[in-house]
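Chains as they are written, first to last, in my numbering: chain A, 602 to 686; chain B, 12 to 213. All residues carry an ideal CB built from backbone N, CA and C; glycine is no exception. Here is the structure we will look at, set down as structure tokens.
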Amino acid sequence: MENLKLELKKNIIEVLNLEDISLEDFGDKDSLLGDGIGLDSIDALELIVMLDKDYGIRLSDPKEGKKIFENVEVMAAYIAEHRTK
Amino acid sequence: MSEKLYIQKYCSIKNKEVYVGGKLMFSSETSIAKDFFKSVYQFLDIKYSKFFKMDNLSKLAFLSAEFLLDKNVSEEKNTAIILSNNASSLDTDRKYQDSINDSENYYPSPAVFVYTLPNIGIGEISIRHQLKSENGFFVFENYNANFHYNYENSLLQNNKCDSVLAGWVNIDKDSYEAFLYLVSERGEIEHTEENLKQLYNL
Chain A
602 MENLKLELKK NIIEVLNLED ISLEDFGDKD SLLGDGIGLD SIDALELIVM LDKDYGIRLS
662 DPKEGKKIFE NVEVMAAYIA EHRTK
Chain B
12 MSEKLYIQKY CSIKNKEVYV GGKLMFSSET SIAKDFFKSV YQFLDIKYSK FFKMDNLSKL
72 AFLSAEFLLD KNVSEEKNTA IILSNNASSL DTDRKYQDSI NDSENYYPSP AVFVYTLPNI
132 GIGEISIRHQ LKSENGFFVF ENYNANFHYN YENSLLQNNK CDSVLAGWVN IDKDSYEAFL
192 YLVSERGEIE HTEENLKQLY NL
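Written out as structure tokens, the structure reads:
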């Protein structure tokens with residue numbers, strides 16, 4: 602799980618061009634949307650694409666993302682349970 | 012609005028250099044547009060994390076505006092934005108096309124898609140400086156001083172705004188060129204078609 606969380610943080614920083622956020626500053630429980638890491642609605646859509654592309658998880662309802670993208674810890678747990686690749 | 016209008020400030024970004032008011036403000040060795048824009052951003056010493064999410068056209072427009080607009084001056088809130096270029100958003104359109112070319116690997120990027128219009132750069136400047144003003148983005152073969160002069164003049168003489176941020180913002184791959192200026196009642200260089208041509212060709 603720790604490896605997955607680290608991989609997720611690296612992917613999120615790269616995919617969303619978060620050049621001003623370092624891995625050291627990126628806590629497992631930091632809120633991804635809104636305050637915290639500060640992702641916006643377009644970033645959330647990009648994360649939905651990332652879930653599909655990297656882990657074979659297709660979200661049928663984009664609203665699901667709000668719960669899944671709460672923080673890296675929640676996201677990693679969801680991926681570990683639902684990944685198909 | 013008085014009859015005489017002036018080019019209050021102007022800025023040029025091209026060939027790894029930034030000129031403001033004709034004076035060299037910054038230069039870099041990198042020939043990669045993305046890296047050059049990052050170095051200009053760092054030179055400006057601003058904290059604006061959204062910058063890194065922008066496409067290169069928006070970054071170029073955003074950085075040019077940073078040299079001309081003082082975000083703390085309230086009188087600039089009614090600043091119209093009139094920009095033009097040659098390549099429209101082609102640079103980003105290509106990137107988006109690349110993400111949907113392969114039906115076996117079809118992952119269209121929402122973050123790239125939102126920049127597949129040239130006027131998004133105007134939106135980024137407007138968000139940064141809280142502008143809710145007249146704006147337009149036009150595509151020409153070359154910088155059209157006659158069109159710009161008439162459009163900017165019309166906006167100001169008809170009291171549609173207090174100043175106009177205008178000019179040319181073009182990028183295709185690593186070839187970029189920005190010439191932006193602020194037109195208002197203040198300044199020393201008269202706002203004329205000839206002066207616009209002359210400053211563009213500096």
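Legend entry - residue 150/B vs residue 93/B beta-carbon contact at 8 angstroms: As a first step, residue 150/B is located in the second sequence; it is residue number 139 there, counting from the start. As a first step, residue 93/B is located in the second sequence; it is residue number 82 there, counting from the start. Result no, Cβ atoms of residue 150/B and residue 93/B do not sit closer than 8 angstroms.
Inset, instruction - Note down, in chain order, every chain A residue with its Cβ under 9 angstroms from the Cβ of residue 118/B. - result: By one-based count along the second sequence, residue 118/B stands at place 107. Those within 9 angstroms of residue 118/B in chain A are 650, 651, 653, 654.
Legend entry - Uninterrupted beta strand (DSSP E) stretches inside the region 157-213 of chain B (no shorter than 3 residues): 174-183, 186-195
Inset, instruction - Note down, in chain order, every chain B residue with its Cβ under 7 angstroms from the Cβ of residue 646/A. - result: As a working note, residue 646/A is residue 45 in the first sequence. Correct list: 121.
Legend entry - CB contact check: residue 63/B to chain A, cutoff 8 angstroms: By one-based count along the second sequence, residue 63/B stands at place 52. Yes, contact with chain A.
Inset, instruction - Please classify residue 119/B: is it buried, with 16 or more other beta-carbons within 10 angstroms of its beta-carbon, or exposed? - result: On the second sequence, residue 119/B is found 108 positions in, with the first residue counted as 1. Classification of residue 119/B: exposed, given that the 10 Å Cβ count is below 16.
Legend entry - Alpha carbon of residue 25/B to alpha carbon of residue 189/B, nearest angstrom: Working through the second sequence from its first residue, we reach residue 25/B at position 14. Working through the second sequence from its first residue, we reach residue 189/B at position 178. Approximately 6 angstroms between the Cα atoms of the pair.
Legend entry - Close-in-space but distant-in-sequence residues of the same chain around residue 184/B (CB under 8 angstroms, 5 per side omitted): Locating residue 184/B in the second sequence gives position 173, counting from the first residue. Excluding sequence neighbours, residue 184/B sits near 44, 102.
Inset, instruction - Kindly say whether residue 60/B, judged by its beta-carbon, lies nearer than 8 angstroms to any beta-carbon of chain A. - result: In the second sequence, counting from the first residue as 1, residue 60/B sits at position 49. Yes, its Cβ sits closer than 8 angstroms to a Cβ of chain A.
Inset, instruction - Please state if the CB of residue 142/B and the CB of residue 20/B are separated by a distance shorter than 8 angstroms. - result: Taking the first residue of the second sequence as position 1, residue 20/B is located at position 9. Taking the first residue of the second sequence as position 1, residue 142/B is located at position 131. Not in contact: residue 20/B and residue 142/B (Cβ atoms no closer than 8 angstroms).
Inset, instruction - State the beta-bridge partners of residue 90/B as determined by DSSP. - result: Here residue 90/B is taken as the residue at index 79 of the second sequence, counted from 1. Beta-bridge pairing links residue 90/B to 174/B.
Legend entry - Whole-angstrom distance between residue 649/A and residue 181/B, CA atom to CA atom: Here the question's residue 181/B lines up with position 170 in the second sequence. Here the question's residue 649/A lines up with position 48 in the first sequence. Looking at the two C-alpha atoms, the distance is approximately 32 angstroms.
Legend entry - Given residue 137/B as reference, the closest of 108/B, 96/B, 122/B, 77/B once Cα atoms are compared: As a working mapping, residue 137/B is identified with position 126 in the second sequence. Considering only alpha carbons, the answer is 77/B.
Inset, instruction - Starting from residue 634/A, follow the beta strand (DSSP E) in both directions and report where the run begins and ends. - result: Taking the first sequence and counting its residues from 1, the one referred to as residue 634/A is at position 33. First-last for residue 634/A: undefined, no H or E at that position.
Legend entry - Short Cβ contact (8 angstroms threshold) for residue 660/A with residue 652/A: Here residue 660/A refers to the residue found at position 59 of the first sequence. Here residue 652/A refers to the residue found at position 51 of the first sequence. Contact flag set, yes.
Inset, instruction - Give, in chain order, every residue of the region 614-637 of chain A whose Cβ lies closer than 9 angstroms to some Cβ of chain B. - result: 616, 617, 618, 619, 620, 621, 622
Inset, instruction - Kindly list the residues whose CB is nearer than 7 angstroms to the CB of residue 672/A, restricted to its own chain and excluding five residues on each side of it in sequence; keep chain order. - result: Along the first sequence, one-based indexing puts residue 672/A at 71. Contacts found: 629, 630, 631, 632, 633.
Legend entry - Segment limits, beta strand (DSSP E) that includes residue 17/B: For the purposes of this step, residue 17/B is taken as residue 6 along the second sequence, with counting starting at 1. Per DSSP, residue 17/B belongs to the beta strand (DSSP E) from 17-25.
Legend entry - Identity of the residues DSSP links to residue 34/B by a beta bridge: To locate residue 34/B, count along the second sequence from 1; it is residue 23. Per DSSP, 31/B.
Inset, instruction - Would you please verify whether the beta carbon of residue 639/A is less than 8 angstroms from any beta carbon of chain B? - result: Here the question's residue 639/A lines up with position 38 in the first sequence. At least one chain B Cβ lies under 8 angstroms of residue 639/A.
Inset, instruction - Give a yes or no on whether 8 angstroms exceeds the smallest Cβ distance from residue 175/B to chain A. - result: Stepping through the second sequence from its first residue, residue 175/B is reached at position 164. No, residue 175/B lies away from the interface with chain A (no Cβ there is under 8 angstroms from its Cβ).
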